[in-house]
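Report on the following structure.
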Amino acid sequence: MSLFTILLSALLVNNFVLVRFLGICPFMGVSKDVDSAIGMGLATTFVMVVAAAATWLIQWFILEPLGLPFLQTLSFILVIASMVQLVEMFLHKTSPGLYRAMGIFLPLITTNCAILGFAIMGVQNSYSFIETVIFGLGAGLGFTLALMLMAGIREEMQFADIPKPLRGVGIAFIVAGLLSLAFGGFAGLV
Amino acid sequence: MNESLRMVVVLAIIGMVSAGILSVVYGTTSVIIEENAARALESAVYEVLPGTASVEIIRRQANELRVDDPKEMREAEQETTLIYQGLDAQGNVLGYAFVGEANGYGGVIRLLVGVDEATDQILNVKVLSHSETPGLGDRIEGEGFRNRFVGKTVEDPITIGQDIDNLSGATVSATAATDAIRRGLSEALAAYRGGE
Amino acid sequence: MWKDFVRGLWADNPTFRLNIGLCPVLAVTVSALNGLSMGLATTLVLICSSALISLLKNLIPAKVRIPAFIIVIATFVTIVDLVMHAYLPDLHSVLGLFIPLIVVNCIVLGRAEAFAAKHSVLRSAVDGIGMGLGFTWALTLLGAIRELLGSGSLFGMALLPEGATTLGIMSLPPGAFITLGLLMAMMNMITARQKKTAS
Chain E
1 MSLFTILLSA LLVNNFVLVR FLGICPFMGV SKDVDSAIGM GLATTFVMVV
51 AAAATWLIQW FILEPLGLPF LQTLSFILVI ASMVQLVEMF LHKTSPGLYR
101 AMGIFLPLIT TNCAILGFAI MGVQNSYSFI ETVIFGLGAG LGFTLALMLM
151 AGIREEMQFA DIPKPLRGVG IAFIVAGLLS LAFGGFAGLV
Chain X
191 MNESLRMVVV LAIIGMVSAG ILSVVYGTTS VIIEENAARA LESAVYEVLP
241 GTASVEIIRR QANELRVDDP KEMREAEQET TLIYQGLDAQ GNVLGYAFVG
291 EANGYGGVIR LLVGVDEATD QILNVKVLSH SETPGLGDRI EGEGFRNRFV
341 GKTVEDPITI GQDIDNLSGA TVSATAATDA IRRGLSEALA AYRGGE
Chain D
387 MWKDFVRGLW ADNPTFRLNI GLCPVLAVTV SALNGLSMGL ATTLVLICSS
437 ALISLLKNLI PAKVRIPAFI IVIATFVTIV DLVMHAYLPD LHSVLGLFIP
487 LIVVNCIVLG RAEAFAAKHS VLRSAVDGIG MGLGFTWALT LLGAIRELLG
537 SGSLFGMALL PEGATTLGIM SLPPGAFITL GLLMAMMNMI TARQKKTAS
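Protein sequences, first through last, are from chains E, X and D.
Okay, so the first sequence: first residue is 1 according to the working numbering, each after it adds one.
Okay, so the second sequence: first residue is 191 according to the working numbering, each after it adds one.
Okay, so the third sequence: first residue is 387 according to the working numbering, each after it adds one.
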């Protein structure tokens, strides 16, 4: 499978949010306006790419040779959590502007199941190092795309007359369902 | 006690206890997990080799181990070709079956292919596991697609667009399944016949 | 104590009220049985980790609280994962990825942080049971609706006559989103009505 197919598959066809249902919490929580959606999306993409490299090394150089596959979940989540911490500290020191933009989202990323999910999937598919990184990039950008689309629609929806019980999360889920239906159209794309 | 030391000690203890418990649980469950997987595979052999009464497992080393890269090493270990020989009630060899693997759209596609002992023709194909798109890629499980391989031998190209019709909208899944069968067939045949 | 139990079932239902831990709610609810099993697996992890964290709460320094909680939770999740893989292989292959992902289910870490770290072992365990069962019935309900409309059966038993038209879309991702959205609206309506009659 070529790198391009992996990227396209993670980005559109098997979009992490709309098709695989990973990362729903931030998708619902941080999609109220487009700016924070982009911030959250890019911060997540960044952590995903870094975590892709880290988890690949751990899996193939520590867990597999030592015969400890059962520590996968434990070690991956700890690595992701510490990655997020490192990224936070690094941004704080080097780029205060970026830190102000992304900072509030970073702690939320640890519990984003899209990151742990994609790391485990990468191992299951026995991707090579480069493939894993590209997979992470595609997954992160797919997450960003879904978040942006959702935020754009929700901004417009503020002015719509929605039946009272549906307001808030209810209508957001129905919109997500329609978006997911639209993404179903990518299914035959190769 | 120094506070930061205490933090490290507490975390280390929790981590060690957790790793200890997990290794015990893993030790007990991994045996059962492997047995289950072997049993599931064996029962699939009965499906792809009609008339089989008992199954024998033959191990063949396909490639030399490359030890420089841990990932390649794992792959090479997996290349130890396991061939399942199907015997009828009288103990005559009916045919053999092998597992083929390839990366599809959503993940690894694993298939079991049954081959006739006398003619080396494919008798049946069964998809063991896949994570292809429902409604499109998962049609590789359908009889219509699987039957396209019946009667093929290692002499045939077994390639999408040549002797195997494509599945429209599921090119990647169909190609991956076809590649898995073609590669697996030549490897299994070489390992099976070569070792006699 | 009774309050700790019922809170998770309705007033603070993790799915419909707190809107947390939604990924498995959508992903595994193709059938009622999948929903029920996923709910029970999560409940088990929730009870064990809440109880243990509450027991350890005075030993763990505040600064490394979160990593310590994560290790405890990940350990229980891996145990559940391995045991299911060994004894319920079919179910394990259906729920697949979403078993290890219980680690990052916000309900588990959220209850550890918000409740178990402050209350007694017994109360934390009861809170875990309540929250877990609240999560379980939400998953089972969603699974039942999707299974009935999508494949015309319930808990694997065919209910609709052979050849009846089913809504295939309900088994696919869009069906999950839309059904959950409508269920949330229904919960809001019921709550609004309850408030009206109360006042």
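Here a beta-carbon is modelled for each residue, glycine too, at the ideal position from N, C-alpha and C.
- The criterion of a C-beta distance shorter than 8 Å is satisfied by G140/E and M48/E.
- Judged by their CB atoms, A454/D and V200/X are nearer to each other than the 8 Å cut-off.
- Runs of the alpha helix (DSSP H) lying entirely within the stretch 45 to 133 of chain E, each at least 4 residues long, are 72 to 94, 96 to 102, 106 to 109 and 113 to 124 in chain order.
- Secondary structure of I406/D (DSSP, three-state): coil.
- Under the criterion of beta carbons closer than 8 Å, L212/X and F27/E do not qualify as touching, at roughly 32 Å.
- Contact check for I465/D against I174/E fails: the beta carbons are separated by 8 Å or more.
- For A209/X, the nearest beta carbon of chain E is closer than 8 Å to its own beta carbon.
- In the three-state reduction of the DSSP assignment, M387/D falls in the coil class, being assigned neither a helical nor a strand state.
- The three-state reading of DSSP puts K316/X in strand, counting E and B together.
- A544/D carries a strand assignment under DSSP once its states are collapsed to helix, strand and coil.
- Taking the beta carbon of P453/D as reference, the chain E residues within 9 Å of it are L78, A81 and S82, listed in sequence order.
- Think of a sphere of 8 Å around the beta carbon of A54/E: no beta carbon from chain D falls inside it, the nearest being about 16 Å out.
- Here the alpha carbons of A54/E and G184/E stand approximately 32 Å from one another.
- In the DSSP assignment, E237/X falls within the alpha helix (DSSP H) that extends over E193 to V238.
- Under the Cβ criterion of 8 Å, F135/E is not counted among the residues facing chain X.
- In the three-state DSSP reduction, I248/X falls in the strand class (E or B).
- At least one CB of chain E lies nearer than 8 Å to the CB of V490/D.
- Contact annotation for V463/D against chain E: T73 [CB-CB distance below 8 Å, chain order].
- At least one beta carbon of chain E lies nearer than 8 Å to the beta carbon of C409/D.
- Residues of chain X with a Cβ closer than 7 Å to the Cβ of K449/D are, in chain order, M197.
- Chain-order list of chain E residues neighbouring G281/X: empty, with the shortest C-beta distance near 38 Å, by a criterion of under 8 Å.
- Taking a 10 Å sphere around the C-beta of S435/D, we find 16 or more other C-beta atoms and assign the residue as buried.
- With the rule of 3 Cβ pairs closer than 8 Å, the stretch 330 to 337 of chain X does not count as touching the stretch 397 to 411 of chain D.
- In the three-state scheme derived from DSSP, where H, G and I count as helix and E and B as strand, N420/D is classed as helix.
- Rounded to whole angstroms, L3/E and D278/X show a C-alpha spacing of 46 Å.
- Remark: C-beta atoms of I38/E and M148/E approach each other more closely than 8 Å.
- Against chain E, a Cβ distance below 8 Å from A578/D picks out K164 and P165.
- In the DSSP assignment, A472/D falls within the alpha helix (DSSP H) that extends over R451 to Y473.
- Taking D353/X as the centre and dropping the five residues before and after it, the same chain places the C-beta of D346 and P347 closer than 6 Å to its C-beta, in chain order.
- Under the 8 Å criterion on CB atoms, V344/X is classed as non-interfacial with respect to chain E.
- Taking CB atoms only, G567/D has a neighbour in chain E less than 8 Å away.
- Looking at the DSSP output, N293/X sits in a beta bridge with V298/X.
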